[in-house]
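Trainee:
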Amino acid sequence: MKKAMTLLGPVEADSLGHILPHEHIFSQLPQFGKPTYPELDDKKVTIDILGKLRRDIWTCKDNLRLDEEEVMLSEVASFKANGGGTIVDVTTIGLNRNIQKVIKIANETGVNIIAGTGYYVKEGHPKELSMMTVDQIYKIMVKELTEGIDNTTSKAGIIGEIGVSCMHPDEEKVLRAAARAHKETGAPISVHQFAGKKELPQIDAILKEEGVSPDKVILCHMCSVDSELRIWAADRGYYIEIDSFGNEYYTNAIAGIAPRDPDRIKMVKELIGRGYLNQILLSNDIALKILLKKYGGWGYEHIKVNIKPFMLREGIPVKSLDTMIYYNPMRVMAYIN
Amino acid sequence: MQIMTVTGLVDIDKLGVILPHEHVIMAFDWPGLWPDVSHRPDLVWKKVSIENLGELRRNYCAIRDNAVLDNVDEMTKELEIFKKVGGGTVMEMSTLGLYGDTAKLKEISQRTGVYIIAGTGFYLDQTFSEEVKNMSINNMYDMMMRDITEGFPGTGVKAGMIGEVGISNFSQAEENSVRASARVQRDTGFAMNVHIGTNPEMCKKVISALKEEGADLKKVAFAHCDWGSLQECIELANEGIYVESDCFGNEFYVDNGAYDGDAPWAFTGDGDRLNAIKERIDGGIGHKLFLSQDICTKMQTVQFGGYGYGHLLENIVPMLEYRGVSREVIYKIMKENTARFLLGE
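As they're listed, the protein sequences go chains A and B.
Count the first sequence with numbering that gives the first Met the number 0 and you get residues 0 to 336, in order.
Count the second sequence with numbering that gives the first Met the number 0 and you get residues 0 to 344, in order.
1) Using only alpha-carbon positions, find the residue among A:Leu94, A:Asn150 and A:Leu144 that is nearest to His124 (chain A).
2) Name the one or two DSSP bridge partners that Asn347 (chain B) has.
3) Would you decide whether Ser37 (chain B) is buried or exposed? Buried here means 16 or more other CB atoms lie within 10 Å of its CB.
4) Measuring alpha carbon to alpha carbon, tell me which residue in B:Ile24, B:Pro34 and B:Ala179 is nearest Asn70 (chain B).
5) Mapping DSSP to helix, strand and coil, what is Gly260 (chain B)?
6) Closest to Pro37 (chain A) by C-alpha separation, out of A:Thr58, A:Leu49 and A:Pro29, would be which residue?
7) Ignore the nearest five residues each way along the sequence and tell me which others in Met318 (chain B)'s own chain have a CB closer than 8 Å to its CB.
8) For the alpha helix (DSSP H) that Asp41 (chain B) lies in, which residues bound it at each end?
9) Could you give the distance in angstroms between the alpha-carbon of Ile274 (chain A) and the alpha-carbon of Ser319 (chain A)?
10) In or out: Leu7 (chain A) buried (at least 16 other Cβ within 10 Å) or exposed?
11) Give me the residue from A:Lys2, A:His220 and A:Glu269 with the minimum Cα distance to Ile161 (chain A).
12) Express the C-alpha separation of Glu231 (chain B) and Lys363 (chain A) in angstroms, rounding to a whole number.
13) How big is the Cα-Cα spacing for Met333 (chain B) and Asp293 (chain B)?
14) For the segment 297 to 309 of chain B, list every residue whose C-beta sits within 8 Å of some C-beta in chain A, in sequence order.
15) Please state whether DSSP places Ala358 (chain A) in a helix, a strand or coil.
16) DSSP three-state label for Ile157 (chain A), please.
17) Leaving out the 5 sequence neighbours to the left and right, which residues in its chain are closer than 8 Å to Met332 (chain A) when beta-carbon positions are compared?
18) May I have the straight-line CA-CA distance separating Ile139 (chain A) from Glu67 (chain A), to the nearest angstrom?
19) Does the beta carbon of Ile107 (chain B) sit closer than 8 Å to a beta carbon anywhere in chain A?
20) Distance check for Leu287 (chain A) and Leu63 (chain A), CA to CA, integer angstroms please.
21) Less than 8 Å between the C-beta atoms of Lys287 (chain B) and Tyr252 (chain B), yes or no?
22) Helix, strand or coil: which one does DSSP assign to Val44 (chain A)?
23) Could you tell me how far apart the beta carbons of Phe25 (chain A) and Lys79 (chain A) are, in whole angstroms, since I believe they sit closer than 8 Å?
24) Of all Cβ atoms in chain B, is any one closer than 8 Å to the Cβ of Trp57 (chain A)?
25) What does a CB cutoff of less than 8 Å around Lys340 (chain A) pick up in its chain, not counting 5 residues either side in sequence?
26) In angstroms, rounded to a whole number, what distance separates the CA positions of Ile136 (chain A) and Ile92 (chain A)?
27) Smallest Cα separation from Val43 (chain B): which of B:Tyr59, B:His22 and B:Asn175?
28) Can you give the beta carbon distance from Tyr330 (chain B) to Gly86 (chain B), rounded, assuming they're within the 8 Å contact cut?
29) With distances taken from CA atoms, which of B:Leu216, B:Tyr306, B:Asp64 and B:Thr126 is nearest Leu341 (chain B)?
30) At 3 residues or longer, and completely inside the segment 226 to 288 of chain B: list those beta strand (DSSP E) runs for me, N to C.
31) At 4 residues or longer, and completely inside the segment 90 to 166 of chain B: list those alpha helix (DSSP H) runs for me, N to C.
32) Take the Cβ of Leu12 (chain B) as the centre, count every other Cβ of all protein chains shown within 10 Å, and call the residue buried at 16 or more, exposed below.
33) Verify the CB distance criterion: does Ser37 (chain B) have a CB-CB separation below 8 Å to chain A?
34) Comparing the C-beta of Tyr294 (chain A) with each C-beta of chain B, is any distance below 8 Å?
35) Are the CB atoms of Met92 (chain B) and His20 (chain B) nearer to each other than 8 Å?
36) Is there a Cβ of chain B sitting closer than 8 Å to that of Gly162 (chain A), yes or no?
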């Protein structure tokens, strides 16, 4: 049986349990855009500003940080207590990844944690990246996948989330390096895009050029694109990740009506109806304090505790649910012979 | 023309932006409700806090404290925020069964300068004591007339409208309450708000009772119509009834059924409500629409993680504008429709 690479070593595919393929544990998101409520920018997340934070998640730096060891330990433990098995932590270099702290949580909770290597979108790139060549970036990724991350012997088990915002030349370099690191190691690639009408075809073309098979690639945040594009990508054989469950907020106060969970469930039903069940992945993409149970959110167990029953009520059979939350992520994550 | 508020008569043109369906002081606290309605015996008696908001957003009845608005200082702060973003008046719907408190409303109104119009009447059957269930139409009529002419017992604060009048299954007590309310409406000319929704069968029953008792349907609003179809709304508007979308900002779920089963509103988001409002304006019934937030839990207030009474003005107005509804049309709904309802023109 194939194995996935977790921070504590290889784990057999069928021991991974319920897998969340796209999460963060310790991270710091870049502050995209101008905050709507600048007076909240340096405030701590508290109950009396939650309403405003739901109107503009970029408005408060504290909200963009997952940084409290005790809180994160209790959130991951709660996932475990609710039947969780594995978290894929796609926090890449430059997002304040802190691998020692993540290893500690893996040890203390017993949750399998698969860590990511690579770089997020342009806004989160470390300064030196623009000077680096594809080959240099590739070498860093391969080192993290085969030798260890930072100064540990814990290895990455996935390449990503690789950030593509506007296919900036540096983003293209990283994507090509990811493709080559995949070909060298077999590790799957997770590609971040958001509403990428232009970028998805570019991503497809570059990965094709690099000779990457789509069934080794997860396209993230596919709840942010329209139905046509989702089907287009599924038809090419990519994993389609509907990974923002529980993210119910507005990206700006005026225009931004983000999809809610019922909308995402409709997308999942459409994909199943079109025959793409074996390519669907479900996750919560927790990267904001307000998504944690401690701060008024639903936590890592949201898919298992709230979304699974919701989907059952919506007529998705248990067998299909099992495919999406166990077998699909197991297939893509376990690559070591 | 003057309207009765909790602080006395006020010229109609001073009311400004009016929220037609809110609660400021209230409690879901009828006998037998707690702790049974909560599926979380470990949480039910706790206070609302940021750690249990996630649970409340799945089940607002998990914690009793969430369903109680009773703190004058807290609610004063909430209405101050409403005032600051341009709010003027709140119609307060906490009728018998909802533990309203007009003395507190008066204090909050005096402290904030927000006008509060208090409703008289009877809420849902399940909230009634045996005594209320056994009241005749005449008894109910007399009680409401007392609230209007003499004031609520012990406070002297007078009602300025009728409602929300609770309709769940149109039990005998609810039918009596609707008929009594209709007679009060007929005799006083006061506006009347009915907790009902757009279910055509139930609407038909209530409309015929209202007509039989001689109520003026131009002074009647049907609450909780957020998820009704355009056709259902047009039919209500054709009767003269105001069609109220009053759950703006309520974007939570009812996973365990709570006390009202499937609760379609619990799965409706502001996006759906905005689409419906746009469709109804385009469908020609803009002059019969009401917008409100029906704040009835702590989690809807700013201090407990919600959007507060200012949500429509701060967030929904720009979102409607973005969808092509002019500011003028939106303010007509929030100021002129509500004023016309109070005046009955």
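Quick reminder that beta carbons are idealized off the backbone N, C-alpha and C, glycines included.
Quick caveat, the model's predicted, so the values are computed rather than measured.
Mentor: Working from what's here:
1) In the first sequence, counting from the first residue as 1, residue 124 (chain A) sits at position 125. For the residues A:Leu94, A:Asn150 and A:Leu144, the minimum Cα distance to His124 (chain A) belongs to A:Leu94.
2) Because residue 347 (chain B) is not part of the residues shown, which for chain B are 0 to 344, the question remains open.
3) Along the second sequence, read from residue 1 onward, the residue named residue 37 (chain B) stands at position 38. Classification of Ser37 (chain B): buried, given that the 10 Å Cβ count is 16 or more.
4) As a working note, residue 70 (chain B) is residue 71 in the second sequence. Among B:Ile24, B:Pro34 and B:Ala179, the Cα nearest to that of Asn70 (chain B) belongs to B:Ile24.
5) As a position in the second sequence, residue 260 (chain B) is number 261, starting the count at 1. Legend: pLDDT at Gly260 (chain B) = 46, less than 50; position of this residue unreliable, value from coordinates given subsequently. Of the three classes helix, strand and coil, the one that applies to Gly260 (chain B) here is coil, per DSSP.
6) If you number the first sequence from 1, residue 37 (chain A) lands on position 38. The candidate whose alpha carbon is nearest that of Pro37 (chain A) is A:Thr58.
7) Numbered from 1 along the second sequence, position 319 holds the residue referred to as residue 318 (chain B). Taken in chain order, the residues that qualify are Asp269 and Leu273.
8) Here residue 41 (chain B) refers to the residue found at position 42 of the second sequence. Taken as a continuous stretch (DSSP letters only), Asp41 (chain B) belongs to no alpha helix (DSSP H), as it is neither H nor E.
9) Against the first sequence, residue 274 (chain A) aligns to sequence position 275. Against the first sequence, residue 319 (chain A) aligns to sequence position 320. Contrary to the premise, residue 274 (chain A) reads as Gly rather than Ile in this sequence. Roughly 11 Å between the two C-alpha positions.
10) Position 8 of the first sequence, counted from the start, is the residue given in the question as residue 7 (chain A). Leu7 (chain A) should be labelled exposed.
11) Along the first sequence, one-based indexing puts residue 161 (chain A) at 162. Minimum Cα distance to Ile161 (chain A) is reached at A:His220.
12) As displayed, chain A neither begins before 0 nor continues past 336, which places residue 363 (chain A) out of reach and without an answer.
13) In the second sequence, counting from the first residue as 1, residue 333 (chain B) sits at position 334. In the second sequence, counting from the first residue as 1, residue 293 (chain B) sits at position 294. Distance between the alpha carbons of Met333 (chain B) and Asp293 (chain B) is about 15 Å.
14) Val301, Gln302, Phe303, Gly304, Gly305, Tyr306 and Gly307
15) Residue 358 (chain A) is absent from the model: chain A starts at 0 and stops at 336.
16) Position 158 of the first sequence, counting from 1, holds the residue named residue 157 (chain A). If DSSP states are grouped into helix, strand and coil, Ile157 (chain A) belongs with the strands.
17) What you label residue 332 (chain A) is simply residue 333 of the first sequence in a count that begins at 1. The residues are Ala3, Ala12, Leu15, Ile18, Pro20, Thr85, Val87, Ile113, Gly156, Ile157 and Pro187.
18) Within the first sequence, residue 139 (chain A) is the residue found at index 140, counting from 1. Within the first sequence, residue 67 (chain A) is the residue found at index 68, counting from 1. Going by the C-alpha atoms only, they are around 28 Å apart.
19) Translated into positions along the second sequence, residue 107 (chain B) becomes position 108. Closer than 8 Å: no.
20) Mapped onto the first sequence, residue 63 (chain A) falls at position 64. Mapped onto the first sequence, residue 287 (chain A) falls at position 288. Roughly 5 Å between the two C-alpha positions.
21) Reading the second sequence from its first residue, position 288 is the one you call residue 287 (chain B). Reading the second sequence from its first residue, position 253 is the one you call residue 252 (chain B). Against a cut-off of 8 Å, the Cβ pair of Tyr252 (chain B) and Lys287 (chain B) comes out as no contact.
22) Your numbering for residue 44 (chain A) matches position 45 in the first sequence. Three-state DSSP puts Val44 (chain A) in coil, outside helix and strand.
23) Numbered from its first residue, the first sequence carries residue 25 (chain A) at position 26. Numbered from its first residue, the first sequence carries residue 79 (chain A) at position 80. The Cβ separation is near 17 Å, so there is no contact.
24) Along the first sequence, read from residue 1 onward, the residue named residue 57 (chain A) stands at position 58. Answer no: the Cβ-Cβ gap between Trp57 (chain A) and chain B never drops below 8 Å.
25) Since the displayed chain A opens at 0 and closes at 336, residue 340 (chain A) lies outside it and no answer follows.
26) As a first step, residue 136 (chain A) must be located in the first sequence, where it is residue number 137. As a first step, residue 92 (chain A) must be located in the first sequence, where it is residue number 93. So the alpha carbons of these two residues sit roughly 11 Å apart.
27) The residue you call residue 43 (chain B) lines up with position 44 of the second sequence. If we check each option's Cα against that of Val43 (chain B), B:Tyr59 comes out closest.
28) Looking up residue 330 (chain B) in the second sequence gives position 331. Looking up residue 86 (chain B) in the second sequence gives position 87. That pair is no contact at about 12 Å.
29) Taking the first residue of the second sequence as position 1, residue 341 (chain B) is located at position 342. The candidate whose alpha carbon is nearest that of Leu341 (chain B) is B:Leu216.
30) 241 to 244
31) 101 to 111, 129 to 132 and 136 to 148
32) Residue numbering aside, residue 12 (chain B) sits at position 13 when the second sequence is read from its first letter. Reading off the sequence, residue 12 (chain B) comes out as Asp, not Leu. Answer is exposed; the Cβ neighbour count stays below 16.
33) Locating residue 37 (chain B) in the second sequence gives position 38, counting from the first residue. No, Ser37 (chain B) lies away from the interface with chain A (no Cβ there is under 8 Å from its Cβ).
34) Numbered from its first residue, the first sequence carries residue 294 (chain A) at position 295. Interface residue, yes.
35) If you number the second sequence from 1, residue 92 (chain B) lands on position 93. If you number the second sequence from 1, residue 20 (chain B) lands on position 21. Closer than 8 Å, so yes.
36) Within the first sequence, residue 162 (chain A) is the residue found at index 163, counting from 1. No, Gly162 (chain A) lies away from the interface with chain B (no Cβ there is under 8 Å from its Cβ).
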